[in-house]
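**Q**
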Amino acid sequence: LFLSAAAVSAQENRMYWGPKIGLNIASITKSSFSSWRGGANVGLFAMYRYNDFWGAEVDLMFSQMGANYADGNMRVNYLTLPIMGKVYLYRNLNLQLGPQIGVKVYDNVHVYGEGNNRDTKAFNSFEVGFVVGLGYEFNFGLVTDIRYGIGFTNSLKNSYAMGDNCKNQMFQLSVGWKF
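Remember, this note's numbering sits 3 above the position in the sequence shown when you count from 1.
And the structure:
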């Protein structure tokens, strides 16, 4: 009786959490910063699977973004909070959609031959965007996802050169472990 109750309890566990780490490839739209820039992402996630078809996930991630350009590069780091709805397409394969909020924690503009300018005030402090992706949850605990995110708000201030309507965009590949 005890073993069957434990098995039913384990089947009903649909709430998971865990660490996540991965890579970002980011750029800034509608600007002369045309090259993509690599970076890292690291953080925590919590997910809930409502049934076989629907779920939700919230991440708190440190995410490196920015762009490269001919004369240097721009680095900007955010604490991001994506809130993802999940549609399970086939078993553990899921489509992810949702908004993302970001708070800038660091920026650096590097011009070759001139050095670094930290905390340049070139980037806005807050960002709102949208994220779409695909994920897979392995039965033994590993979770993976690949996402594309685009900002709704300007990442660069309008007073900064080319800052009008410039938004962060990124591809993100992450792996995590659910507990």
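Cβ coordinates follow ideal geometry from the N, Cα and C atoms, glycine included.
Between Tyr-151 and Phe-133, is the Cβ-Cβ spacing less than 7 Å?
**A** As a first step, residue 151 is located in the sequence shown; it is residue number 148 there, counting from the start. As a first step, residue 133 is located in the sequence shown; it is residue number 130 there, counting from the start. Taking 7 Å as the Cβ cut-off, Tyr-151 and Phe-133 do not qualify as a contacting pair.
**Q** Does the segment 19-28 come close enough to the segment 70-79 that 3 or more CB-CB pairs lie under 8 Å?
**A** At 8 Å Cβ cutoff, the stretches do not touch.
**Q** According to the neighbour-count rule (16 or more other Cβ atoms, all chains shown, within 10 Å of its Cβ), is Met-18 buried or exposed?
**A** Here residue 18 corresponds to residue number 15 of the sequence shown, with the count starting at 1. Met-18 should be labelled exposed.
**Q** If you measure between the beta carbons of Gly-105 and Tyr-81, is that distance less than 7 Å?
**A** For the purposes of this step, residue 105 is taken as residue 102 along the sequence shown, with counting starting at 1. For the purposes of this step, residue 81 is taken as residue 78 along the sequence shown, with counting starting at 1. Yes. Within cutoff.
**Q** Can you give me the start and stop residues for the beta strand (DSSP E) that Trp-180 sits inside?
**A** In the sequence shown, counting from the first residue as 1, residue 180 sits at position 177. 171-180 is the span of the beta strand (DSSP E), which, as asked, contains Trp-180.
**Q** Ignore the nearest five residues each way along the sequence and tell me which others in Asp-114's own chain have a CB closer than 6 Å to its CB.
**A** Here residue 114 is taken as the residue at index 111 of the sequence shown, counted from 1. The question names Asp, yet the displayed sequence has Val at residue 114. So the list reads Asp-74, Gly-75, once near-sequence residues are dropped.
**Q** Using only alpha-carbon positions, find the residue among Arg-78, Trp-180, Met-68 that is nearest to Gly-138.
**A** Working through the sequence shown from its first residue, we reach residue 138 at position 135. Among Arg-78, Trp-180, Met-68, the Cα nearest to that of Gly-138 is on Trp-180.
**Q** Assuming Asn-168 and Ile-31 are in contact, meaning their beta carbons sit under 8 Å apart, how far apart are those beta carbons, in whole angstroms?
**A** Locating residue 168 in the sequence shown gives position 165, where the first residue counts as 1. Locating residue 31 in the sequence shown gives position 28, where the first residue counts as 1. About 10 Å; that fails the 8 Å criterion.
**Q** So what does Phe-48 bridge to, in DSSP terms?
**A** Taking the sequence shown and counting its residues from 1, one reaches residue 48 at position 45. According to DSSP, Phe-48 bridges with Gly-21, Asp-62.
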